[in-house]
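In this text, residue positions in the sequence shown follow the working numbering: the first is 698, and each later residue adds one. Scroll down for the structure; my scribbles are underneath it.
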Amino acid sequence: MRSHLNCNNKADSLKIGILQGGLQLVKTAIGIEKLALSGDYFKLIDVSEKHIVELPLQKYPQYFTLSYVWGSDNSNCQLTKDKIHWTQDGKGRRWTPLPGLPPATILDAKKAVETLGYRYLWVDSLCITQDDPVETQLQIQQMASIYANAVICIVAAAGLSPRTGLTGVSSSRKDLRSIARINGNIVLGAFLPNFRRIVMETKWGSRAWTY
């Protein structure tokens, strides 16, 4: 069974509903302490408008984060000073276009965020000005807070680069079902591997830090 987020069949709609229900539980959970963020502004990708916005830190909205493997081919879509062209919208918010076409993993994460009914996504390569040492250092120091304050963190554990995409969004998931015949009857079963072992054996799991 495929699990594309852009599919319209009942099975896929059910899976999206399950995810949305889980997110609602997270939002209403008791005892989750958020960590303070430092600075005056916070950059996020607006997945609806398809650009980067700069929002006051005191009023930042709910957002997702993406944890993924940069690889060696992520340089074409990074936020640098020469690619920032601020424009002010009617609500007084500053925004700048994306510096290029994001790789598949980021595009899929944007699609997942929007499909689940949210609007903002934080991705390090696009929400940190990469050639601004002061901003970069501040963001690195509060990386744990950035991830802890997110509604959810999308982990792209598969693949060796950001061009891989997210399994279940732009590519189908591996079917883990097996069919066996017992006493003449066909039995459909699911064999789930050790999740932690598989994840930690990936390129993502071998990084210097992992959120």
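The beta-carbon is built from N, C-alpha and C at its ideal position, and this holds for glycine as well.
Open item on the list: Does Leu763 come out as helix, strand or coil in the three-state DSSP assignment?
Closed with: As a first step, residue 763 is located in the sequence shown; it is residue number 66 there, counting from the start. The answer is strand: DSSP assigns Leu763 an E or B state.
Open item on the list: Can you look up Val744 in the DSSP assignment and give me helix, strand or coil?
Closed with: Counting from one through the sequence shown, the residue named residue 744 turns up at place 47. In the structure shown, Val744 sits in coil (DSSP, three-state: anything other than H, G, I, E or B).
Open item on the list: Can you list, in chain order, the residues of its chain with a C-beta nearer than 8 Å to that of Tyr844? Leave out the 5 residues immediately preceding and following it.
Closed with: For the purposes of this step, residue 844 is taken as the residue at position 147 of the sequence shown. Thr762, Ser764, Cys850, Tyr908, listed in sequence order.
Task: Straight-line gap, Asp828 to Lys740 (C-alpha atoms, nearest Å) - done: Against the sequence shown, residue 828 aligns to sequence position 131. Against the sequence shown, residue 740 aligns to sequence position 43. If I take the Cα positions, the gap works out to 15 Å.
- [ ] Reducing DSSP to helix, strand and coil, say where Val831 ends up.
- [x] The sequence position of residue 831 within the sequence shown is 134, counting from 1. Three-state DSSP puts Val831 in a helix.
- [ ] Could you tell me the distance, in whole angstroms, from the CA atom of Gly797 to the CA atom of Lys778?
- [x] Within the sequence shown, numbered from 1, the residue matching residue 797 stands at position 100. Within the sequence shown, numbered from 1, the residue matching residue 778 stands at position 81. Using only the alpha carbons, I get a separation of about 14 Å.
Task: Touch test, the region 829-838 against the region 752-761, Cβ-Cβ under 8 Å, three pairs minimum - done: With the cut-off at 8 Å, the region 829-838 and the region 752-761 do not touch.
Task: Range covered by the alpha helix (DSSP H) that runs through Cys824 - done: Here residue 824 refers to the residue found at position 127 when the sequence shown is read from its first residue. First-last of the alpha helix (DSSP H) with Cys824: 821-824.
Task: Closest Cα partner of Val866 within the set Thr812, Trp792, Val750, Trp819 - done: Against the sequence shown, residue 866 aligns to sequence position 169. Measuring from the Cα of Val866, the nearest candidate turns out to be Thr812.
Open item on the list: Comparing C-alpha positions only, which one of Trp783, Pro794, Gln775 sits nearest to Lys747?
Closed with: Here residue 747 corresponds to residue number 50 of the sequence shown, with the count starting at 1. Measuring from the Cα of Lys747, the nearest candidate turns out to be Pro794.
TODO: Report the residue from Ser745, Lys780, Leu863, Val766 whose alpha carbon sits nearest the alpha carbon of Ile825.
DONE: The residue given as residue 825 occupies position 128 in the sequence shown. Answer by Cα proximity: Lys780.
Task: Outcome for Leu776 when other beta-carbon atoms lying within 10 angstroms are tallied against a minimum of 16 - done: Against the sequence shown, residue 776 aligns to sequence position 79. Buried, because 16 or more other Cβ atoms sit within 10 Å of the Cβ of Leu776.
- [ ] Using the Cα positions of Trp783 and Arg791, report the straight-line distance between them to the nearest angstrom.
- [x] By 1-based counting over the sequence shown, the position of residue 783 is 86. By 1-based counting over the sequence shown, the position of residue 791 is 94. When rounded, the distance between both Cα atoms is 6 Å.
- [ ] Check each candidate in Ala847, Ile742, Trp767 and name the one with the smallest Cα separation from Gly856.
- [x] By one-based count along the sequence shown, residue 856 stands at place 159. Taking only the C-alpha atoms, the option nearest Gly856 is Trp767.
Task: For Cys774 and Pro799, the rounded distance between their alpha carbons - done: The residue given as residue 799 occupies position 102 in the sequence shown. The residue given as residue 774 occupies position 77 in the sequence shown. Using only the alpha carbons, I get a separation of about 6 Å.
- [ ] Alpha carbon to alpha carbon, how far is Ala853 from Val744? Give it in angstroms, no decimals.
- [x] Sequence index remark: in the sequence shown, residue 744 carries index 47 (1-based). Sequence index remark: in the sequence shown, residue 853 carries index 156 (1-based). Those two C-alpha atoms are separated by around 18 Å.
Open item on the list: Please list the terminal residues of the continuous alpha helix (DSSP H) segment that includes Val810.
Closed with: Here residue 810 corresponds to residue number 113 of the sequence shown, with the count starting at 1. Here the alpha helix (DSSP H) through Val810 covers 801-812.
Open item on the list: If you reduce the DSSP assignment to three classes, tell me which class Ile851 lands in.
Closed with: One-based indexing of the sequence shown puts residue 851 at position 154. Here Ile851 sits in strand by DSSP.
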